[in-house]
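Below: the structure, in structure tokens.
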Amino acid sequence: MTYALCGLRVGSDLPLPELPPWAGGDRAPDVEVRLGEVPERLARPVYERPWLQVGGDGRCRFAVADVAVYLVEAGRSVIVQPCPHAEAADVRVFLLGTTFGILCHQRGLLPLHAGCVAIGGRAVAFTGESGEGKSTLTAAFLRGGHPVLADDITVLDACAVGGPQVLPSIPRIKLKRDAAAGLGLSAAVPNPGWAETEKLHLPVGERFRTGPLPLAAVYHLSTTDDADRTGIERLRGVAAMDALLEAVYRRPLALHMGRRAPLLEAMMRLVALPSFRLVRLRDLGAIDATVAAIAARHGG
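Remember, the numbering used here sits 34 above the position in the sequence shown when you count from 1.
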């Protein structure tokens, strides 16, 4: 079985229903996901914790209790050793989450903890702390007719010719139940595993953008109940750099992997693009106004 993820052809022993089938040319897979045994300890580890080992050869061993152990090598190979009685859905949650983030860092791609939509032919990303509504805002843009490139993990080719590009990832949005209900998104369905029981999965369908887009801007989100505190503020210099660094998906892990230099190079390219701090009302009744304000800034 082969699938498409961020423009990569992924061959997999595991069914990955979250991913679209590969529809490109008949080339060898860029990434292989295989079932197999993962060693208990990597050779010459440069970082070692019960859940993560980074080997001297760059390989990463990532372990999730009662779910699976994952071995990621050279951004091209993932070996998955599921635990007995683990739910397949839970194995996929951590494969397409942290394990995928490790693989991106190994390949020199930049994963952000962000949702991303297309506005006016360019990509706009939404970062923020957990619970601040990245996925909710992404879903509101989808409801308004905008294509979606990513939810939760937005992957950038920060060093692309012409400027940073967003590579489309997984065509679904993970939403809390109250957010899905508040937006009237009845198509959202429960995740069958235990790892994300509080989340529903909303399929993006035909509004999934399958090709890369240049990144236009990054919005750093927070919510408030006070209408007087809402607004959009441009971030510059150190403030923009700090906000972007906070948005890097699994940043401490990338540093343990020795990715400091490429990470800083990517940050220097990103900080040249517009970054904004967005404070919006927590009340979902006001979210369409937020969507309209952002879209107006980007020709949407």
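Ideal placement from N, C-alpha and C gives every residue a C-beta, glycine not left out.
Asked	Found
Distance, E52 Cα to R43 Cα	14 Å
Same chain only: Cβ atoms within 8 Å of R61, ignoring 5 sequence neighbours per side	R43
Range covered by the beta strand (DSSP E) that runs through H147	L144 to I153
M291 burial status per 10 Å Cβ neighbour count (16 or more: buried)	buried
Run of the alpha helix (DSSP H) containing R126, from where it starts to where it stops	A122 to F128
Exposed unless 16 or more other CB atoms sit within 10 angstroms - verdict on E166	buried
Cβ contact check for the region 187-207 and the region 293-311: 3 or more pairs under 8 Å	yes
Cβ neighbour criterion (16 or more within 10 Å) applied to D186	buried
Backbone secondary structure at L201 - three-state DSSP	strand
Sequence-distant residues of its chain with Cβ nearer than 8 Å to D112 (five each side left out)	Note on residue identity: the sequence assigns Val, not Asp, to residue 112. Once the five neighbours on either side are set aside, the close Cβ partners of V112 are V65, E66, V67, R68, Y104, L105, V106, L129, T133 and L137.
Straight-line gap, A261 to I321 (C-alpha atoms, nearest Å)	12 Å
Environment of H119 [buried if 16+ CB atoms lie within 10 Å]	exposed
8 Å Cβ cutoff, K168 in contact with chain B	In the structure shown, chain B cannot be found, because there is only a single protein chain.
H180, enclosing beta strand (DSSP E) - first and last residue	Neither: H180 is in no beta strand (DSSP E) and is coded neither H nor E.
At least three beta-carbon pairs within less than 8 Å, the region 148-159 to the region 173-185	yes
Other residues of its chain near Y81: CB distance less than 6 Å, five sequence neighbours each side excluded	V88 and H290
Best match in A250, G155, G41 and V98 for proximity to P198 [C-alpha to C-alpha]	A250
Those residues which DSSP pairs with A159 across a bridge	C150 and V252
For V313 and A174, believed in contact at Cβ under 8 Å, the rounded distance	That pair is no contact at about 16 Å.
Cα-Cα separation, P224 to S169	15 Å
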